[in-house]
Amino acid sequence: MTEIFTGNFTQQDPIPDEGIAAAMEVLRSGRLHRYNLVGDEPGEVALLEREFAAYTGATYALAVASGGYAMATALRALGVAPGDRVLTNAFTLAPVPGSIASVGAVPVFVGVTEALTIDLDDLAAKAGRAKVLMLSHMRGHLADMDRLMEICDAAGVSVIEDCAHTMGAAWRDIPSGRWGRVGCYSTQTYKHMNSGEGGLLVTDDDEVMARAILLSGSYMLYTRHGTVPPDAVFDEIKYDTPNVSGRMDHLRAAILRPQLRRLDAQCEAWNARYRVVEDGLRATPGLTLVERAAQESYVGSSIQFLLLDWEGDGISEVLRRCLARGVELKWFGASEPAGFTSRYDSWRYAPSEPMPASDRILRGVVDMRLPLTFSLDDCAQIARIIRAEVSAVFQARG
Ligand SMILES: *Cc1c(COP(=O)(O)O)cnc(C)c1O
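Numbering (our numbering), first residue to last: 454 to 851.
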């Protein structure tokens, strides 16, 4: 009897009842716009900003329309101008180089290691080429942040962290998003909190936050934000910072606030699932697990493994056979991207020098989502299926 998995890899948890109730209240009020406030009520968006700043330990947080918007805003707030070069990961998701392109800047791609983190030797070699690194903690893998910051500080490179997959994660107990000058998060449906679309940006820097608030479309209502830099900082910049509308609304903030309260518990639940799949895949012939550093507190909302140096059609066969048994894997190495792009050579608007060592890794990366709607038994079954199919194809092909 071959077992077949029947779960849905794109089915998220429902919004908590508390969030639904808060959303209904916002709908009944009719006041969805973040500056549509009565008297001195803070409103859901400003409250979310205060609570997210407290959660991350940042001085300031700004809620915006998407994660990609938060990243582009961070670049603008740091003064990145058309034609400037910005370092970024060769392995990430399309909105990351897209945020750089959206401000007219030019991505300079940095390679990836077998740990699926940015290659710090390659970063050290390229650090002199740009003033900003848009660092993507792709698929939740954190590089050695102590060494990364050493390299960037020595080269005078400001770091923006893309924490779309690391909300709730940390390196040496310092939250991701708090190592660089700016941390950016997404609250899009497939991330760690779900408002359909949405994003957050955190920083301790007065001027960066004042610029980000004005850029996000605050008009002169910036004092109504949840965390506000001193007036004098706005006075310096308020007439020459453009409004690039990308606000969050009360409806989304209302459903996010209860999710933030349970975020740590959700992260634990993801990690329990991750560990079951990881244990089930351990010592599968031909399959390389991505080992995590002791300093890394990750959130296992997805899992990756490598089929290193496999022929492409062997990997395709594994994917086909797993899918036939209900297990949906993504292969980042396919020669034609399907569904989305994650490799530097797919973004042809931003040409790069070839990176053969990274290409070898990217050719072998297989990825799977772990939605919280899967039980631990589901996860064990999924691992058994992958293990059986990888072993079968590996043995058949010698
Ligand atoms: C989803 C994602 C983003 C962008 O978030 P959006 O809210 O969809 O704009 C950025 N980086 C990575 C790695 C992502 O997966």
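All C-beta atoms in this analysis are idealised placements derived from N, C-alpha and C, irrespective of residue type, glycine included. Just so it is clear, the structure is predicted and the values come from calculations on it, not from any experiment.
| request: Below 6 Å CB to CB, which residues in the same chain sit around Leu434 once its five sequence neighbours on both sides are set aside? | output: Not covered by the structure: residue 434. The range shown for the chain is 454 to 851.
| request: Could you check what DSSP says for Lys644 in three-state terms: helix, strand or coil? | output: coil
| field | Straight-line Cα distance separating Ala596 from Glu749 | value | 9 Å
| task | Name the residue from Thr512, Val539 and Glu497 whose alpha carbon lies nearest to the alpha carbon of Ser805. | result | Val539
| request: Use the C-beta contact count for Ser795: other C-beta atoms within 10 angstroms, 16 or more gives buried, fewer gives exposed. | output: buried
| request: Tell whether a beta-carbon distance below 7 Å holds between Ala568 and Leu734. | output: no
| Close beta carbons around Ala475, own chain, < 8 Å, minus the five adjacent residues each side | Glu497, Ala707, Ile708, Arg710 and Pro711
| query | Does Asp766 come within less than 7 Å of chain D when only Cβ atoms are used? | reply | Within the model displayed, chain D is absent; a lone protein chain is all it includes.
| If you draw a straight line from the alpha carbon of Leu586 to that of Asp762, how long is it in whole angstroms? | 30 Å
| said: Can you list, in chain order, the residues of its chain with a C-beta nearer than 8 Å to that of Thr509? Leave out the 5 residues immediately preceding and following it. | reply: Pro628, Gly630, Arg631, Gly636 and Val655
| query | Expressed to the nearest angstrom, what Euclidean distance is found between the alpha-carbon atoms of Glu731 and Leu742? | reply | 8 Å
| task | In angstroms with no decimal places, state the Cα-to-Cα distance between Leu531 and Arg850. | result | 52 Å
| said: Spatial neighbours of Asp537 within its chain, please: C-beta separation below 6 Å, excluding the five flanking residues on both sides. | reply: Ala558
| query | How do the stretch 601–612 and the stretch 545–557 stand: do at least 3 beta-carbon pairs fall below 8 Å, yes or no? | reply | no
| request: Return yes when at least one heavy atom of ligand 1 lies under 6 Å from the C-beta of Val681, else no. | output: no
| task | Taking Arg705 as the reference, give the member of Arg778, Leu485, Gly521 and Thr463 with the closest Cα. | result | Leu485
| query | Short check: CB of Val517 to CB of Met673, under 7 Å? | reply | no
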